[in-house]
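Data first, discussion second: the structure below is written as structure tokens.
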């Protein structure tokens, strides 16, 4: 099937100011913080939604949307059930990639590296901070 041409595409004007190395913070985490703050201020819906790419045991790519729960110099934080498909994939191969796409800002951010488990305490604190319905859903399903 061929995708029909989007009539709006020809009228869409990329209004971003471009990207110059001289405008970037040398610390990539600080730069991400600047961009994340700009995305929040722009009112982007689900600003913390990101694609998480892993690989299966037979080296096939697997990608899904997860939510960023925090970030600092130690890395980017998301939570998952360790028995989920992604949890098992990360156990077998702890390298993954993240991608943020904020079309309103003409911005895409790619991050890759080694994933490590949060401490049990961090995981439990997060789990208990969720609404009861979300806790029950996470308990009943291995998707969260």
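In the working numbering, the protein residues as written are -4 to 139. C-beta atoms are modelled at their ideal positions from N, C-alpha and C, and glycine is treated no differently.
Checklist entry - Is it right to say residue 51 is buried, meaning 16 or more other beta carbons lie within 10 angstroms of its own, or is it exposed? => result exposed
Checklist entry - Where does residue 39 fall in DSSP's three states? => result coil
Item to check | For residue 63, the first and last residue of its enclosing alpha helix (DSSP H) | outcome: Careful: residue 63 lies outside any alpha helix (DSSP H) and carries neither H nor E.
Next on the checklist: Counting beta carbon pairs with one atom in the stretch 81 to 98 and one in the stretch 51 to 61, are three or more of them shorter than 8 Å?
Outcome noted: yes
Next on the checklist: Mapping the DSSP letters down to three states, classify residue 14 as helix, strand or coil.
Outcome noted: coil
Checklist entry - Among 63, 46, 72 and 82, which one has its Cα closest to the Cα of residue 93? => result 46
Checklist entry - Using a Cβ-Cβ cut-off of 6 Å (strictly less than) and excluding sequence neighbours within five positions of residue 95, which residues of its own chain qualify? => result 45 and 104
Checklist entry - Buried or exposed: residue 147, going by 16 or more other Cβ atoms within 10 Å of its Cβ? => result Nothing about residue 147 can be read from this structure; the chain reaches only from -4 to 139.
Item to check | Nearest residue (CA-CA) to residue 60, options 43, 71 and 67 | outcome: 43
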